[in-house]
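Q: Read in order, the letters of the sequence shown correspond to residues 4 to 265 in this note's numbering.
Cβ coordinates follow ideal geometry from the N, Cα and C atoms, glycine included.
Note that the structure is predicted; figures quoted are calculated from it, not measured.
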Amino acid sequence: RVSALEHDVGLPFFNRHARGLVLTEQGEMLFRTAHDVLMKLETIKSRLTETKDRPSGVLRVTTTVGLGAGWLTERVQEFIELYPEISLQLILANEELDLTMRQADCAIRLRQPQQPDLIQRRLFTVHFHLYAAPSYVAKHGKPASVAELKSHRIVTFGVPVPSHLSELNWLETVGDFDGGQRVPTLQINDILSIKRAVQGGAGIAMLPDYVISKDSDLVQLLPETEVPSFDTYFAYPDAMKNQAKLHVFRDFIIAKARSWSF
């Protein structure tokens, strides 16, 4: 191979003697260059191995505004303490970002992902119920049935709403009533803001149980009524499957999902 290379470049790399080989000036230059290249390759290999085996670098996580603000952000501090070399970016958006186009590295979604090339894991079910403030109930009473909602003020998500979250406006259409659709008193495209409006007495809303704390002082209405729920999934593209930072975050979220009690 060395002789073939000498032939290709038209220069000798060795002086050949009876006692052995001695590098020529060109041979010394080739040796130093090849050694430098080899060392750089080893450095790159080491860095790539660290990326695979050691959790570090930026990890971009996307989920809905409601689940992100109302559940996820309360738990990420523990993850940050466990993995200080990971820089976590939370991208909260009700529209689903395209993971295969690397708009984010992984996602927590309120439906089963439709893209076949995404690796996914079911986490938990987000249950919703109807709630109102004690002040609202004192003034307007409690509906005894879904049909009686037509006589009450309702607060909904409104528009625009992604198609996969359209049931957030369930209160506008549920039950048999005249007119085809209830007109909400208030529409807010943010779950936590809806909760605050309901706490202020604005009306009745469909809220996820994870935002209802013991000190929220809200009254659950029509507890036997079947209200929409959302199965939640953790998803990421195949290209991320060997990333250590993805593995540890996935395992962290799955562990938190096991203690989901809402």
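Which word fits Ile266, buried or exposed, when buried means at least 16 other C-beta atoms lie within 10 angstroms of its C-beta?
A: Because the chain here runs from 4 to 265, residue 266 falls outside it and cannot be looked at.
Q: Alpha carbons only, please: which of Ser196, Ile257, Gly30 is nearest the one belonging to Gly13?
A: Gly30
Q: Check this for me: beta carbons of Ile89 and Val64, under 8 Å apart or not?
A: no
Q: Please check the pair Ala208 and Val201, which I expect to be a contact at CB under 8 Å, by giving their CB distance rounded to whole angstroms.
A: 5 Å
Q: Could you check how far apart the C-beta atoms of Phe265 and Asp212 are, in whole angstroms? I think they sit under 8 Å.
A: Confirmed, Cβ separation roughly 4 Å.
Q: In this structure, how does DSSP classify Ser59 when only helix, strand and coil are distinguished?
A: Look at Ser59 here: in three-state DSSP terms it is coil, with no helix or strand label.
Q: Pick helix, strand or coil for Phe131, following the three-state DSSP scheme.
A: strand
Q: Would Val164 and Leu171 qualify as a contact pair, given that the criterion is a beta-carbon distance under 8 Å?
A: yes
Q: According to DSSP, is Asp39 helix, strand or coil?
A: helix
Q: Helix, strand or coil: which one does DSSP assign to Ser172?
A: It is Asn, not Ser, that sits at residue 172 in the sequence shown. Helix.
Q: Using a Cβ-Cβ cut-off of 6 Å (strictly less than) and excluding sequence neighbours within five positions of Phe233, which residues of its own chain qualify?
A: Leu113, Val129
Q: In terms of alpha-carbon separation, which member of Leu224, Val40, Leu44 lies closest to Val140?
A: Leu224
Q: Determine the direct distance from the alpha carbon of Arg125 to that of Phe160, and round the result to whole angstroms.
A: 25 Å
Q: Using DSSP's beta-bridge definition, name the partner residues of Arg114.
A: Note: Arg114 sits in no beta bridge, so no partner.
Q: When the Cα atoms are used, what is the spatial distance from His155 to Ile122?
A: His155 and Ile122: Cα-Cα distance of roughly 44 Å.
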